[in-house]
Structure formats: C-alpha cells, structure tokens
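So in my numbering, spot 50 of the sequence shown is number 52, and the numbers just go up one at a time.
Here's the structure, in structure tokens; my notes come after.
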Amino acid sequence: MSDTTPEGWTEQGRPPALFRRFVFSCYADTRAFLDRIAAVQEALGLAPQNISFGTTYVNVTIAAADGALGDAERTLAQRIAAAAEGTVA
3 MSDTTPEGWT EQGRPPALFR RFVFSCYADT RAFLDRIAAV QEALGLAPQN ISFGTTYVNV
63 TIAAADGALG DAERTLAQRI AAAAEGTVA
C-alpha cells in the first residue's frame, strides 16, 4: 500500500488499482450514491473501471490508466469517497 492511497481504499499491485466497498442502510441511499458517482465522473471526465452494487452496497474499482496509479485515479477515489458522505467535492 502506498502512502498516497486515499483513506479507506485498498491498493493492489497487479494490475494496479484502487478498491473500496461502500455500505448503506437502504436501497434509496445506495441509489443516491450511484447518482453522485455519476456526477463525479462527469465533472472529472474519468470513470472507475468497475462498479458493482446490490441493495445496500457498492463496490468500486479504479484501475490505473497508464500502468501506474496517478493523481487522476487518486483524485477520483477521494471524490467518490466524498460522494458517499453525501457531497460531490
């Protein structure tokens, strides 16, 4: 794990990616979070490699665009984490 790994995220090395599972109390909260992720993606012009979800959880994987995790991926992770708190930073 890198010193620059955003809080709450797990960094994997092969392939380079960031992963985090977000848990919510009900589907309405999950759905609202997914909508906020869409707003983050639109604002940054960058999207996670994979988003999977169920009624009360969302799994997010952000893959390295250029073979190594950089500022863009870390910023995306931080903004998605902020979206989980109900804000789009």
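For every residue, glycine included, the Cβ atom is placed at its ideal position computed from N, Cα and C.
Quick caveat: nothing in here was measured; it's all calculated off a predicted structure.
- If you compare the alpha carbons of Gln14, Cys28 and Thr63 with that of Gly56, the shortest gap goes to Cys28.
- The Cβ atoms of Leu46 and Leu78 sit closer than 7 Å to each other.
- Taking C-beta separations shorter than 6 Å and ignoring five residues to either side along the sequence, the partners of Pro8 in its chain run Arg76, Ala79 and Gln80, following chain order.
- Here Thr32 is buried. Its C-beta has 16 or more other C-beta atoms within 10 Å.
- Residue range Tyr59 to Ala65 is occupied by the beta strand (DSSP E) that includes Thr63, with no alpha helix (DSSP H) assigned at that position.
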